[in-house]
Amino acid sequence: MRIKGVKQVLIAFFSYCALETTAGLWASSYLVLHQGIEAKVAAGWASLFYLGITFGRFLNGFVTDKLGNRNMIRIGLGIIAVGLTAVILPLQVDLITLVGLVLIGIGCAPIYPCIIHETPKNFGAENSQAIIGIQMASAYTGSTFMPPIFGVLARFATISLYPVYLSLFLILMIIMTERLNRLVASKESR
């Protein structure tokens, strides 16, 4: 934790897994309860969120060598932002919301593997094994606790907070990954 950038990557990883897991687990409930989409249709589109991740990770394998891990993370965050914007838009066109969910999945695709793959470069090969272990703990914490917390929020407030909740994690990820990039760049320039 004393190594510069570790706190940032842990918060980014926590936020990423919180966003991905909450998005996937609550998508169909949001579509049914907020958008009024039939449950069967909502379940099908929610599953396309995961197809977006799968397809995106397949593409990620071909593109990352050319663009680099940091750029792939930025591209993923940008695609998530576009997807969330589509979900947030107060339009009565269900297709836009549904496509937004798929885009969120595609945007999620490169982030997890690229953060892991960048760890030796960010923190040194000698520290990477220990830091990856801590990253996994942070990731699992986000995946485990944040979807149920959203469930409590949805129950006592409203399910319409779904895109806002996801957006908070996206903003946190953007801030933390860019801070990490600046810290790593300052170490590399010495």
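Per full-length UniProt numbering, the sequence shown runs over residues 1 to 190.
In this text, a Cβ means the ideal position worked out from N, Cα and C, and glycines have one as well.
Put residue i into one of helix, strand or coil per three-state DSSP.
i           : result
R2          : coil
I149        : helix
S189        : coil
Q35         : coil
V93         : coil
T158        : coil
A125        : helix
A109        : coil
G24         : helix
residue 191 : Given that the chain is displayed from residue 1 to residue 190, the structure contains no residue 191 and the question cannot be resolved.
Hey, how far is the Cα of residue i from the Cα of residue j?
i           : j    : result
residue 192 : M146 : With the chain covering only 1 through 190, there is no way to say anything about residue 192.
G83         : S15  : 17 Å
G36         : S189 : 53 Å
G56         : R2   : 34 Å
K4          : R182 : 11 Å
M176        : F169 : 10 Å
A137        : A109 : 19 Å
Taking the beta carbon of residue i as the centre, do at least 16 other beta carbons fall within 10 Å, making it buried, or is it exposed?
i    : result
F58  : exposed
R74  : buried
V102 : buried
F62  : exposed
R70  : buried
S28  : buried
V93  : exposed
T158 : exposed
T54  : exposed
Nearest by alpha-carbon distance to residue i: which of the options is it?
i    : options                  : result
G78  : V93, L48, M173 and C17   : M173
V184 : A23, P120, F55 and C17   : P120
L51  : V93, L98 and V87         : L98
S186 : I149, N122 and A139      : N122
H117 : G151, F169, I175 and N60 : N60
G133 : I149, I115 and F150      : I115
I111 : I80, A125, W45 and L48   : I80
L95  : I171, T177 and W45       : W45
P163 : K7, Q8 and G24           : G24
G107 : L166, D65, I11 and Q129  : L166
E20  : S143, M72, A125 and L89  : S143
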